Amino acid sequence: MPGEYDVEFVERGDREARFLVRGATPAFANGIRRAMVADVPTMAIDEVRFIENSSVMFDEQLALRLGLVPLTTPPEGEFVEDDVVTLSLDVSGPATAYSRDLVSGDALVTPAEENVPIIELKEGQRLEVEADARIERGQTHAKHQGGVAVGYRHLQRVEVVGDLEEFEDEESRIVRGVIEDEGELLNAEEFDNDLAKRYPGKEVRVEDVPDAFVFHVETDGSFTVEELVTRAADSIEARADELEEAVQL
Amino acid sequence: MAYKCSRCKRDVELDEYGGVRCPYCGHRVLLKERSRDVKEVAVE
Amino acid sequence: MMVPVRCFTCGSVVGEHWEEFEERAKEGDEDPEAVLDELGVDRYCCRRMLVSHTDLVDVVSPYQ
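Residue numbers (our numbering), protein chains in the order written: chain A, 44 to 292; chain B, 24 to 67; chain C, -5 to 58.
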């Protein structure tokens, strides 16, 4: 097991980030990725009670739409499995019911996205529902996935090895992800993913840096990227502890 | 059983003898109204 | 019928961008590509959700 991890952010935002991890094995990198997708619990609507629905969509269709609306997930330990937060929605037409119309019974659990249209209501139509949100892991249903489009790539090191011959045609050299150039980290999108544009007239060599992975993480709004990654790491630790305990004599 | 006539929009009660016909306008197309119960749906 | 809340493929929330996209690119005369870029809908899986969507509520509502 390698000793120290080194984490460096390439791009950092609340909902989307790119960061480099050095000193991780491919297995660990994948473990983190999988934990982010399936193992970090998030809040989502799980059961809906329809008091009135005269809209053009069926109850089940609307229930699914409500379930997919991301809800803010409270700090760890605030909620345990089977705890329920009730949200209600009451909209009369002509109007559109949005996710922001969901009134939550708990200030910690509110719609993370305000402008998601649920259903357009015409004159005389009305939607009144009560919904129960529960905390669950991404394994059970995609609506509980906190991480969206989580992935990683090897860090690539680019070295200039010489000049191109004088009359040689310049061919484009496409790379994706993040490259390392003399210790500087660069997103390949900055030079249009084409090394020939960044090093005109040069011959370059690209190689993967061993045990260095660039993660791209996006969240659905349940929490920040930072929260997602730390919770994923915690979940791996909890599993490791559980295993250690289980195999002890 | 509670229905609604699709032509005259009036509420219609059906029994087993009268057949399917609106007693007010004679229309033979009746719509079943949604029950007033609260319906519980699990998100799947 | 209504815009999907999330992208079928990656699960990112795309429903919130629909109204602006419809107003600017479908009803307006802006370039859909530029509007999607501006809205931050980057992946092609999410882009097709908005580009290929048609609202059907107005079509079915007379038959209630």
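All C-beta atoms in this analysis are idealised placements derived from N, C-alpha and C, irrespective of residue type, glycine included.
Every value quoted in this text rests on a predicted model; they were computed, and no experiment measured them.
Along chain C, in chain order, which residues have C-beta atoms closer than 9 Å to that of residue i?
i                     : result
residue 216 (chain A) : The premise fails here: residue 216 (chain A) is roughly 23 Å from chain C at the closest Cβ pair, so nothing lies under 9 Å.
residue 263 (chain A) : 0, 5, 6 and 7
For residue i, does the count of other Cβ atoms within 10 angstroms reach 16, so buried, or fall short, so exposed?
i                     : result
residue 132 (chain A) : buried
residue 61 (chain A)  : buried
residue 160 (chain A) : buried
residue 31 (chain B)  : exposed
residue 152 (chain A) : buried
residue 49 (chain B)  : exposed
residue 91 (chain A)  : buried
residue 5 (chain C)   : buried
residue 100 (chain A) : buried
residue 108 (chain A) : buried
residue 290 (chain A) : exposed
residue 72 (chain A)  : buried
residue 105 (chain A) : buried
residue 85 (chain A)  : buried
residue 172 (chain A) : buried
residue 116 (chain A) : buried
residue 123 (chain A) : exposed
residue -3 (chain C)  : buried
In chain B, which residues lie with their C-beta within 8 Å of the C-beta of residue i?
i                     : result
residue 110 (chain A) : 66
Given a cut-off of 7 Å, decide if residue j and residue i are closer than it, judged by their beta-carbon atoms.
i                     : j                     : result
residue 102 (chain A) : residue 66 (chain B)  : no
residue 130 (chain A) : residue 145 (chain A) : yes
residue 279 (chain A) : residue 120 (chain A) : no
residue 261 (chain A) : residue 192 (chain A) : yes
residue 175 (chain A) : residue 89 (chain A)  : yes
residue 17 (chain B)  : residue 93 (chain A)  : Here chain B comprises residues numbered 24 to 67, so residue 17 (chain B) is not present and cannot be evaluated.
residue 15 (chain C)  : residue -1 (chain C)  : no
residue 286 (chain A) : residue 244 (chain A) : no
residue 247 (chain A) : residue 203 (chain A) : yes
residue 8 (chain C)   : residue 40 (chain C)  : yes
residue 148 (chain A) : residue 127 (chain A) : no
residue 38 (chain B)  : residue 27 (chain B)  : no
Tell me which residues share the same chain as residue i and place their Cβ nearer than 6 Å to its Cβ, disregarding the 5 neighbours each side in the sequence.
i                     : result
residue 210 (chain A) : none
residue 181 (chain A) : 80, 81, 187 and 188
residue 113 (chain A) : 155, 156, 263, 264 and 265
residue 111 (chain A) : 186
residue 252 (chain A) : 198 and 200
residue 29 (chain B)  : 52 and 54
residue 25 (chain B)  : 56
residue 98 (chain A)  : 162, 164, 168 and 170
residue 44 (chain B)  : 51
residue 250 (chain A) : 200
Enumerate in chain order the residues of its own chain whose CB-to-CB distance from residue i is below 7 Å, with the five nearest sequence positions on each side excluded.
i                     : result
residue 215 (chain A) : 237 and 239
residue 275 (chain A) : 75, 78, 79, 82 and 83
residue 271 (chain A) : 79, 83, 189, 190, 260 and 262
residue 136 (chain A) : 164, 165, 166, 167, 168 and 169
residue 267 (chain A) : 57
residue 11 (chain C)  : 33, 35 and 44
residue 1 (chain C)   : 8, 39, 40 and 43
residue 242 (chain A) : 203
List, in chain order, every chain C residue whose beta-carbon is nearer than 7 Å to that of residue i.
i                     : result
residue 188 (chain A) : 5
residue 165 (chain A) : 55
residue 113 (chain A) : 7
residue 260 (chain A) : Residues of chain C passing the Cβ test: none, with the nearest at roughly 12 Å.
Going along chain A, which residues have a C-beta under 7 Å from residue i?
i                    : result
residue 63 (chain B) : 90 and 92
residue 51 (chain C) : 99 and 163
residue 10 (chain C) : 156, 158 and 159
Near residue i, what residues of its chain come up, given a Cβ to Cβ distance below 8 Å and the 5 sequence neighbours on each side ignored?
i                     : result
residue 125 (chain A) : 177
residue 221 (chain A) : 53, 61, 63, 196, 198, 199, 228, 229, 230, 231 and 257
residue 158 (chain A) : 141, 142 and 143
residue 24 (chain C)  : 18
residue -5 (chain C)  : 49, 50, 51 and 54
Could you list which residues in chain B have their beta carbon closer than 7 Å to that of residue i, in chain order?
i                     : result
residue 144 (chain A) : The premise fails here: residue 144 (chain A) is roughly 18 Å from chain B at the closest Cβ pair, so nothing lies under 7 Å.
residue 185 (chain A) : Neighbours of residue 185 (chain A) on chain B: none; closest Cβ ~11 Å, over 7 Å.
residue 106 (chain A) : 64 and 66
residue 47 (chain A)  : The premise fails here: residue 47 (chain A) is roughly 43 Å from chain B at the closest Cβ pair, so nothing lies under 7 Å.
residue 103 (chain A) : 64
What in chain A is Cβ-close to residue i, meaning under 8 Å?
i                    : result
residue -4 (chain C) : 100, 108, 160, 161, 162 and 163
residue 13 (chain C) : 158 and 160
For a contact meaning CB atoms closer than 9 Å, what does residue i contact in chain A?
i                    : result
residue 42 (chain C) : Under the 9 Å cutoff, chain A gives no residues; its nearest Cβ is about 15 Å from residue 42 (chain C).
Anything in chain F within Cβ reach of residue i, meaning under 9 Å, just list it in chain order.
i                     : result
residue 204 (chain A) : Given the protein chain composition of this structure (A, B and C), no chain F is represented.
By the criterion of Cβ-Cβ separation under 8 Å, what are the contact partners of residue i in chain C?
i                     : result
residue 192 (chain A) : 4, 5, 6 and 37
Could you check whether the Cβ of residue i sits closer than 6 Å to any heavy atom belonging to the ligand HEM?
i                     : result
residue 186 (chain A) : With respect to the ligand HEM, the structure shown offers nothing to examine, as it has no ligands at all.
Of all the alpha helix (DSSP H) runs that stay within the bounds of the segment 70 to 108 of chain A, which reach a length of 4 or more residues? Inside the segment 70 to 108 of chain A, DSSP marks no whole alpha helix (DSSP H) run of 4 or more residues.
Taking only runs of the beta strand (DSSP E) that begin and end inside the segment 199 to 284 of chain A, which ones reach a length of at least 3 residues, in chain order? Fully contained in the segment 199 to 284 of chain A are the following beta strand (DSSP E) runs of length 3 or more, in chain order: 221 to 224, 227 to 230 and 245 to 262.
In chain order, which beta strand (DSSP E) runs of at least 3 residues are fully inside the segment 129 to 179 of chain A? Listed in chain order, they are 138 to 141, 160 to 164 and 169 to 179.
Which ranges does the alpha helix (DSSP H) cover as unbroken runs of at least 4 residues, wholly within the segment 4 to 55 of chain C, from first to last along the chain? Fully enclosed alpha helix (DSSP H) runs of 4 or longer: 12 to 15, 26 to 33, 38 to 45 and 51 to 54.
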